[in-house]
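**Student:**
Numbering (this note's numbering), first residue to last: 2 to 408.
1) Just the Cα atoms here: how many angstroms apart are residue 126 and residue 282?
2) Out of 329, 154 and 108, which one is the CA nearest neighbour of residue 361?
3) At what residues does the alpha helix (DSSP H) containing residue 43 begin and finish?
4) With H, G and I counted as helix, E and B as strand and the rest as coil, what does DSSP make of residue 69?
5) Just confirm the distance between the C-beta atoms of residue 197 and residue 144, as a whole number of angstroms; I'd bet it's less than 8 Å.
6) Hey, how far is the Cα of residue 21 from the Cα of residue 185?
7) Going by alpha carbons, who is nearest to residue 345 out of 299, 62 and 78?
8) To the nearest angstrom, report how far apart residue 140 and residue 148 are at their CA atoms.
9) Kindly indicate the opening and closing residues of the beta strand (DSSP E) around residue 324.
10) Are the Cβ atoms of residue 207 and residue 156 separated by less than 7 Å?
11) Report the rounded CA-to-CA distance for residue 265 versus residue 90, giving the unit in angstroms.
12) Please report the residue range of the beta strand (DSSP E) in which residue 182 lies.
13) Run through the DSSP bridge pairs and tell me what residue 166 is partnered with.
14) From the DSSP output, in three-state form, read off residue 264 for me.
15) Quick one: what's got a C-beta closer than 6 Å to residue 243's C-beta in the same chain, skipping five residues either side?
16) Tell me, which residues are paired with residue 287 by DSSP?
17) For the candidate residues 377, 115, 226 and 238, whose alpha-carbon lies nearest to that of residue 279?
18) Ignore the nearest five residues each way along the sequence and tell me which others in residue 358's own chain have a CB closer than 6 Å to its CB.
19) What runs of the alpha helix (DSSP H), each 4 residues or longer, lie entirely inside the segment 221 to 247?
20) Counting Cβ pairs closer than 8 Å, one from the segment 163 to 170 and one from the segment 65 to 72, do we hit at least three?
21) Around the Cβ of residue 287, are there at least 16 other Cβ atoms within 10 angstroms (buried) or fewer (exposed)?
22) Just to confirm, is the Cβ distance from residue 339 to residue 312 under 7 Å?
23) Would you call residue 7 buried or exposed, if buried means 16 or more other Cβ atoms sit within 10 Å of its Cβ?
24) Just list the beta strand (DSSP E) runs in the segment 107 to 168, keeping only unbroken ones of 3 residues or longer that don't cross its boundaries, in chain order.
25) Just how far apart, CA to CA, sit residue 101 and residue 376?
26) Quick one: complete alpha helix (DSSP H) runs, 4+ long, within the segment 81 to 105?
27) Can you give me the Cβ contacts of residue 383 inside the same chain, cut-off strictly under 8 Å, excluding the 5 residues immediately before and after it?
28) Counting only the same chain and skipping the five closest in sequence on each side, list residues whose C-beta sits under 6 Å from that of residue 75.
29) Can you give me the Cβ contacts of residue 395 inside the same chain, cut-off strictly under 6 Å, excluding the 5 residues immediately before and after it?
30) Please report the straight-line C-alpha distance between residue 334 and residue 308, rounded to a whole angstrom.
31) Using the three-state DSSP reduction, which class does residue 276 fall into: helix, strand or coil?
32) Cβ atoms of residue 46 and residue 268: under 7 Å apart, would you say?
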């Protein structure tokens with residue numbers, strides 16, 4: 002791992018204004034980039050979501066907020082990432098796009114806030130690609146080639162849960178989580194000369210694990226809300242398959258079974274609505290100090306924390322209002338202390354976002370969000386990344402269950 006860090010940081014300095022298919026080079030560490038997104042409607046307010054109720058969005062951060070959704074809804078989205086990576090000697094553009102989750106909520110009893118919700122959402126993403134030149138002199142013979150370091154995949158979570166309103170001012174929700182995914186890392190060497198032999202070492206990790214998340218939301222005073230969630234993440238069992246390919250020797254492979262514990266995560270959020278304006282604040286923490294997957298002598302895992310602020314200008318719900326007035330306008334800012342320290346340097350990110358929730362037909366909503374920010378630093382020879390994200394999702398709904406009269 003120490004050699005790989007040096008190659009990524011210093012070897013890539015031989016590149017200049019390169020373009021490639023990939024993402025953050027920091028996703029080489031641990032389980033990769035944690036995906037905070039729970040949909041474009043919340044991404045527009047920098048992911049602020051723990052105490053932000055919505056009639057139209059399926060909130061996977063705090064399941065207690067499902068009780069505010071009054072229609073059976075289906076939501077699906079797409080995320081595009083653009084990264085611009087620099088240090089003192091090089092610059093590199095990398096991009097990728099992925100499905101941003103599929104979720105469905107059944108609103109069974111709107112008066113009691115009873116829902117059943119399920120779906121699949123991304124949890125982390127690994128997507129890096131670096132190419133560095135190779136120069137070898139063996140007994141006077143000059144060999145030239147390229148080393149390619151790449152990784153892809155990540156973790157996803159399937160969930161199934163329910164929510165209910167305990168009183169007019171309090172609701173709770175809980176969901177079971179099933180983590181799964183595959184992370185692939187490859188080191189490939191190609192020589193261009195006749196006497197050079199190409200080779201590749203491939204590591205494929207297949208993950209599975211079970212956990213749960215619980216949340217509560219209360220609004221003790223009018224227009225104010227407090228949300229809290231706790232997520233117990235699983236012990237991830239994974240099978241590692243290692244394969245070595247070479248033009249010189251016969252391909253070989255081996256496998257072993259391992260496990261690693263993802264730390265629990267918790268968060269608290271506040272919200273306040275004044276007229277058509279809603280303000281929100283989130284704080285999330287997750288301690289990776291004892292995490293042991295894909296670390297190394299120069300990498301120290303530590304506490305992850307995130308704060309975000311969001312502002313929403315709520316759209317007019319009347320179908321007779323002008324479209325510009327019916328649109329919800331979102332704005333947010335956030336700061337994350339990421340869960341790894343490299344060469345005694347903390348890696349943090351700061352970002353801002355904006356977005357729109359645009360009514361289409363009936364209760365269908367088109368949500369869009371753009372996030373711009375920076376991650377890392379050029380200190381100690383490390384990488385600084387400027388990133389942009391575009392999230393688009395659509396949420397459609399209809400009434401499947403009609404409320405019944407209670408005596």
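No residue lacks a Cβ here, since even glycine has one placed at the ideal position from N, Cα and C. Everything numeric in this text was worked out from a predicted model, so none of it was measured.
**Tutor:** The answer reads as follows:
1) Position 125 of the chain shown, counted from the start, is the residue given in the question as residue 126. Position 281 of the chain shown, counted from the start, is the residue given in the question as residue 282. Each residue's Cα considered, the two are about 25 Å apart.
2) Translated into the one-based positions of the chain shown, residue 361 becomes position 360. Comparing Cα positions, the closest option is 329.
3) Position 42 of the chain shown, counted from the start, is the residue given in the question as residue 43. 41 to 44 is the span of the alpha helix (DSSP H), which, as asked, contains residue 43.
4) Looking up residue 69 in the chain shown gives position 68. Helix at residue 69.
5) Reading the chain shown from its first residue, position 196 is the one you call residue 197. Reading the chain shown from its first residue, position 143 is the one you call residue 144. Yes, residue 197 and residue 144 are in contact; Cβ-Cβ is about 5 Å, under 8 Å.
6) Residue numbering aside, residue 21 sits at position 20 when the chain shown is read from its first letter. Residue numbering aside, residue 185 sits at position 184 when the chain shown is read from its first letter. Reliability of the predicted coordinates at residue 21 is poor, the pLDDT of 49 falling under 50, and the value obtained from them is presented with this limitation in mind. One C-alpha to the other measures close to 18 Å.
7) Locating residue 345 in the chain shown gives position 344, where the first residue counts as 1. Residue 299 is the option with its Cα nearest to residue 345.
8) Working through the chain shown from its first residue, we reach residue 140 at position 139. Working through the chain shown from its first residue, we reach residue 148 at position 147. Cα to Cα, the separation comes out at about 21 Å.
9) What you label residue 324 is simply residue 323 of the chain shown in a count that begins at 1. Unbroken run through residue 324 is the alpha helix (DSSP H), 324 to 327; no beta strand (DSSP E).
10) Here residue 207 corresponds to residue number 206 of the chain shown, with the count starting at 1. Here residue 156 corresponds to residue number 155 of the chain shown, with the count starting at 1. No.
11) Along the chain shown, one-based indexing puts residue 265 at 264. Along the chain shown, one-based indexing puts residue 90 at 89. Taking the straight line joining both Cα atoms gives about 39 Å.
12) Locating residue 182 in the chain shown gives position 181, where the first residue counts as 1. First-last of the beta strand (DSSP E) with residue 182: 171 to 192.
13) Sequence index remark: in the chain shown, residue 166 carries index 165 (1-based). Bridge partners of residue 166: 172.
14) What you label residue 264 is simply residue 263 of the chain shown in a count that begins at 1. Note: residue 264 maps to coil in three-state DSSP.
15) One-based indexing of the chain shown puts residue 243 at position 242. Cβ within range, chain order: 204 and 255.
16) Numbered from its first residue, the chain shown carries residue 287 at position 286. BP columns for residue 287 point to 266 and 305.
17) Position 278 of the chain shown holds residue 279. The option with the nearest alpha carbon to residue 279 is 226.
18) Residue numbering aside, residue 358 sits at position 357 when the chain shown is read from its first letter. These residues qualify, in order along the chain: 42, 329, 366 and 368.
19) none
20) yes
21) Here residue 287 refers to the residue found at position 286 of the chain shown. Label assigned to residue 287: buried.
22) As a first step, residue 339 is located in the chain shown; it is residue number 338 there, counting from the start. As a first step, residue 312 is located in the chain shown; it is residue number 311 there, counting from the start. Contact flag unset, no.
23) Residue numbering aside, residue 7 sits at position 6 when the chain shown is read from its first letter. Because residue 7 sits at a pLDDT of 38, beneath the cut-off of 50, its placement in the model cannot be relied upon, and the following sentence gives the value as read from the coordinates. Burial call: exposed.
24) 115 to 123, 125 to 139 and 142 to 168
25) Translated into positions along the chain shown, residue 101 becomes position 100. Translated into positions along the chain shown, residue 376 becomes position 375. About 21 Å.
26) none
27) Locating residue 383 in the chain shown gives position 382, counting from the first residue. Hits under 8 Å: 10, 88, 343, 344, 346, 348 and 377.
28) The sequence position of residue 75 within the chain shown is 74, counting from 1. Cβ within range, chain order: 105 and 397.
29) Residue 395 sits at position 394 when you count from the first residue of the chain shown. The residues are 367.
30) Looking up residue 334 in the chain shown gives position 333. Looking up residue 308 in the chain shown gives position 307. Using only the alpha carbons, I get a separation of about 9 Å.
31) For the purposes of this step, residue 276 is identified with residue 275 of the chain shown, where counting begins at 1. Looking at residue 276 - three-state DSSP - the assignment turns out to be coil, as it is neither helix nor strand.
32) Counted from its first residue, the chain shown places residue 268 at position 267. Counted from its first residue, the chain shown places residue 46 at position 45. No.
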